[in-house]
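What follows is one structure encoded as C-alpha cells, with my remarks underneath.
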Amino acid sequence: MFDLSWVELLFCGALALIVIGPKDMPQLFRAGGRLMAKARRTYSDVIGSMHQLEREVDIASGKNGKDDWRNLMPEEIRNLPADFQPGSMTAQQHQQRRAALDQARSDAEAKLLKDTTDSSPETVEEPASTASGPIQPPSAKG
Numbered sequence: 030m031f032d033l034s035w036v037e038l039l040f041c042g043a044l045a046l047i048v049i050g051p052k053d054m055p056q057l058f059r060a061g062g063r064l065m066a067k068a069r070r071t072y073s074d075v076i077g078s079m080h081q082l083e084r085e086v087d088i089a090s091g092k093n094g095k096d097d098w099r100n101l102m103p104e105e106i107r108n109l110p111a112d113f114q115p116g117s118m119t120a121q122q123h124q125q126r127r128a129a130l131d132q133a134r135s136d137a138e139a140k141l142l143k144d145t146t147d148s149s150p151e152t153v154e155e156p157a158s159t160a161s162g163p164i165q166p167p168s169a170k171g
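Here this note's numbering is used: the first residue of the sequence shown is 30, the next is one more, and so on.
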C-alpha cells in the first residue's frame with residue numbers, strides 16, 4: 030500500500046519510539062487502533078447502505094431478481110401459506126389445513142387415475158340410477 034520495506038518500517042518504528050517515547054507509545058497504538066476500527070465500521074456502514082439502496086431501487090423499478098421484496102420480509106412472514114388470513118387461524122393451523130387439502134386432492138387424483146386404469150371400455154357399467162331410465166324430478170305433494 031505505502032510500498033515500504035521491512036527496513037523502512039523498522040526505521041519508522043525506531044524514530045517513533047525516540048520522538049514519542051516508550052511511555053506514550055501504548056496510548057498512541059490504542060488511539061490508532063480505535064481510529065482504524067472506526068474507519069472500518071464507517072466503511073462497512075457505507076457499503077451496507079449502498080447495497081440497501083441498490084435493493085430498494087431494484088424493487089422500485091420492478092426487477093425480479095434474487096433479492097425481490099419478499100426477501101426483505103422476516104422469515105416467519107415469508108413462509109405463510111397462500112390462504113392465510115390474519116386473525117382467523119394460526120399459521121400452524123393454516124399449514125395443517127393446507128396439508129390436509131393437498132392430501133385429499135392427491136388421494137382423489139390417485140383414485141381417479143386408478144379407476145380409469147382399472148376399468149376397460151368393455152366392462153364399463155352404467156350407474157343404477159341411469160340403468161332404469163331417466164331421472165324423474167320429485168313430485169310436489171301439497
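Don't be surprised by glycine CBs; every beta carbon is placed ideally from N, CA and C. Source: prediction; values computed, not measured.
Report the CB separation of residue i from residue j in whole angstroms; it is logged as a contact under 8 Å.
i: Gln124; j: Pro110; result: 6 Å
i: Asp112; j: Arg127; result: 7 Å
i: Leu38; j: Ile49; result: Their Cβ separation, rounded to whole angstroms, is 16 Å, which puts Leu38 and Ile49 out of contact at 8 Å.
i: Leu46; j: Met54; result: 6 Å
Use the C-beta contact count for residue i: other C-beta atoms within 10 angstroms, 16 or more gives buried, fewer gives exposed.
i: Phe40; result: exposed
i: Leu130; result: exposed
i: Asp32; result: exposed
i: Ala160; result: In this predicted model, Ala160 has a pLDDT of only 49, less than 50, meaning its place in the structure is not dependable enough to derive any value.
Need the endpoints of the alpha helix (DSSP H) that residue i sits in, please.
i: Lys52; result: Here Lys52 belongs to no alpha helix (DSSP H), and DSSP marks it neither H nor E.
i: Thr145; result: 120 to 147
i: Arg99; result: Neither: Arg99 is in no alpha helix (DSSP H) and is coded neither H nor E.
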